[in-house]
Amino acid sequence: CSESDLGPISLNWFEELSAEAPP
Amino acid sequence: DVAEPLTPVPLGGLGEESLQLVSKLKDSSSSCAVDVSTVWWEAAGSRELCVVTACESSVCLWKPLAPDRWGKLYTWQLGDIPVIQIVPLPDTHNLVCIALGDLEIGEIRWLLLYSESDSFKQSLLKAGNIKAALGLKGRRVVNSSRTGQEQQVEMLSLSELGRSRDGQTLMPPEETVLAFAEVEGMREALVGTTAVNSIVVWSVNLKTGQLLRKMHVGYSYPASVCHRAYSDSGLLFVVLSHPHAKESESCGNPAFRVVAFNPKTAQSRGVMFSSLPPGQAGRYLEGDVRDASAAAVLTSGAIAVWDLLLGQCTALLPPGPQSSWALARWATTGACLLAGQRDGTVCLYRY
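Protein sequences, first through last, are from chains A and B. For what it's worth, my numbering labels the leading residue of the first sequence as 2, then goes sequentially. For what it's worth, my numbering labels the leading residue of the second sequence as 36, then goes sequentially.
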């Protein structure tokens with residue numbers, strides 16, 4: 002995870018959002 | 036029905052040497068080109084890139100006969116409902132879908148092309164009030180449809196023989212989805228643009244069709260249409276077209292824009308503008324994107340081509356003396372632009 006002017010970014014955004022989203 | 040061979044002709048002025056006319060296809064029985072696309076045709080162990088042209092009542096398959104010469108291989112006659120769009124299936128051969136309807140899509144049909152068994156079949160894939168449809172890798176078609184207040188977003192899979200297997204329902208956003216784009220390199224990720232100018236991200240696998248994120252594009256560019264999406268360095272880059280964007284001093288008259296979204300925070304930033312070339316009146320009408328190349332028909336009747344990485348117009352096809360341009364599509368492979376005129380002529384340009 003790193004900081005950018007668009008907020009903290011994650012290379013694994015897809016996996017992380019998939020784990021957070023309701024099934 | 037054999038297309039005339041042409042010597043490549045460089046254009047004068049902007050785009051000289053970047054677009055060369057290679058072939059011209061004209062279906063003598065049709066008067067108006069509705070859409071044009073390409074499809075791989077595999078027969079007798081060889082694979083050829085064919086051209087598919089659609090007019091309101093029929094769809095034609097054109098096969099290369101010799102370098103720069105094309106012959107019509109087959110014509111599918113359709114019924115009373117007009118063809119309004121070809122829905123190509125990337126990385127698939129001998130199969131193409133079409134959308135039929137009046138103001139909106141009422142049917143999606145698949146067309147099968149197997150010459151060995153003389154199987155040039157057609158069959159219904161989906162019927163309804165369909166707002167958008169896109170062919171995806173792996174012989175899949177995603178579509179959004181509405182019945183009253185309820186929206187359905189559905190992924191349909193086709194087998195090699197075209198028959199539909201079970202569909203998968205994706206979680207719909209509240210607003211209507213008007214366009215889809217695959218996220219390149221991420222088979223399970225799909226994006227869409229909605230009627231209120233949002234980007235929606237789904238996870239599409241065999242088990243779930245989760246809606247992962249909805250992010251607003253911004254108020255400056257209403258009615259954005261997504262054409263291409265890819266993920267890089269933790270950001271989601273989406274190529275959007277802006278059919279209703281207003282001209283501004285800083286950006287001119289924008290046709291395409293590359294926007295970077297951070298899916299973790301839903302924040303976004305414009306990365307690159309591709310505006311109409313100086314001196315071109317009017318606005319963006321419709322277009323197509325492949326890799327870093329974008330092409331669009333302008334209201335002036337011209338076609339403009341841009342390099343999206345540079346944000347620069349690289350070629351301009353002025354309207355012809357007898358007919359203006361109506362369609363601009365990239366071929367599935369290779370640097371080839373398919374340009375359709377109002378009179379039904381389709382020109383192939385090497386780019």
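The beta-carbon is built from N, C-alpha and C at its ideal position, and this holds for glycine as well.
Item	Value
Nearest candidate by alpha-carbon position, reference residue 53 of chain B, set B/357, B/330, B/290, B/358	B/330
Beta bridge counterpart(s) of residue 357 of chain B as assigned by DSSP	Residue 357 of chain B pairs with nothing; no bridge assigned.
Cβ-Cβ distance between residue 69 of chain B and residue 131 of chain B below 9 Å	no
Length at least 4, wholly inside the stretch 45-132 of chain B: the alpha helix (DSSP H) runs in chain order	none
Whole-angstrom distance between residue 157 of chain B and residue 116 of chain B, CA atom to CA atom	14 Å
Proximal chain A residues relative to residue 238 of chain B, where beta-carbon distance stays under 9 Å	15, 18, 19, 22
Backbone secondary structure at residue 290 of chain B - three-state DSSP	strand
Short CB-CB distance (under 9 Å) between residue 9 of chain A and chain B	yes
Chain A contacts made by the stretch 212-243 of chain B, where a contact means CB separation under 7 Å	221, 224, 238, 243
Straight-line gap, residue 244 of chain B to residue 64 of chain B (C-alpha atoms, nearest Å)	43 Å
Element boundaries [beta strand (DSSP E), containing residue 233 of chain B]	233-238
For residue 193 of chain B, three-class secondary structure by DSSP	strand
Per-residue burial, residue 43 of chain B [other beta carbons within 10 Å of its own, 16 or more giving buried]	Reliability of the predicted coordinates at residue 43 of chain B is poor, the pLDDT of 43 falling under 50, and no value is obtained from them.
Burial state of residue 280 of chain B (16 or more Cβ within 10 Å)	buried
Cβ separation of residue 365 of chain B and residue 376 of chain B, assumed to be a contact under 8 Å, to the nearest whole Å	Going by Cβ atoms, the distance from residue 365 of chain B to residue 376 of chain B rounds to 17 Å, so no, they are not a contact pair.
Within chain A, partners of residue 298 of chain B - CB distance below 7 Å	14, 18
Reference residue 217 of chain B; option with closest CA among B/204, B/203, B/211, B/235	B/235
Minimum C-alpha distance to residue 99 of chain B - residue among B/118, B/288, B/90, B/76	B/76
Counterpart residues of residue 263 of chain B in DSSP-defined beta bridges	B/274
Where the beta strand (DSSP E) containing residue 179 of chain B begins and where it ends	175-182
Assigned secondary structure, residue 316 of chain B (DSSP; H/G/I helix, E/B strand, else coil)	coil
CB contact below 9 Å: residue 14 of chain B versus chain A	Outside the modelled stretch of chain B, which goes from 36 to 386, sits residue 14 of chain B, for which no answer is possible.
Per-residue burial, residue 24 of chain A [other beta carbons within 10 Å of its own, 16 or more giving buried]	exposed
C-beta neighbour in chain A for residue 264 of chain B, strict 9 Å	no
Buried or exposed by the 16-neighbour rule on C-beta atoms within 10 Å, applied to residue 256 of chain B	buried
Cα-Cα separation, residue 242 of chain B to residue 181 of chain B	23 Å
Residue from B/125, B/383, B/362, B/368 with nearest C-alpha to residue 90 of chain B	B/362
CB contact flag (residue 291 of chain B, residue 322 of chain B, <9 Å)	yes
Top-ranked residue by Cα proximity to residue 178 of chain B, from B/349, B/57, B/170	B/170
Residues near residue 340 of chain B by beta carbon distance below 6 Å, same chain, minus five either side	330, 349, 350
Three-state secondary structure assigned by DSSP to residue 199 of chain B	strand
Coil, strand or helix - residue 1 of chain A by DSSP	For residue 1 of chain A there is no data in the structure shown, the boundaries of chain A being 2 and 24.
Neighbourhood of residue 251 of chain B by C-beta distance below 6 Å, restricted to the same chain and skipping five residues each side	233
Residue burial classification, residue 270 of chain B (beta-carbon count within 10 angstroms, cutoff 16)	buried
Member of B/239, B/160, B/74 whose CA lies at the smallest distance from the CA of residue 127 of chain B	B/74
Straight-line gap, residue 147 of chain B to residue 266 of chain B (C-alpha atoms, nearest Å)	33 Å
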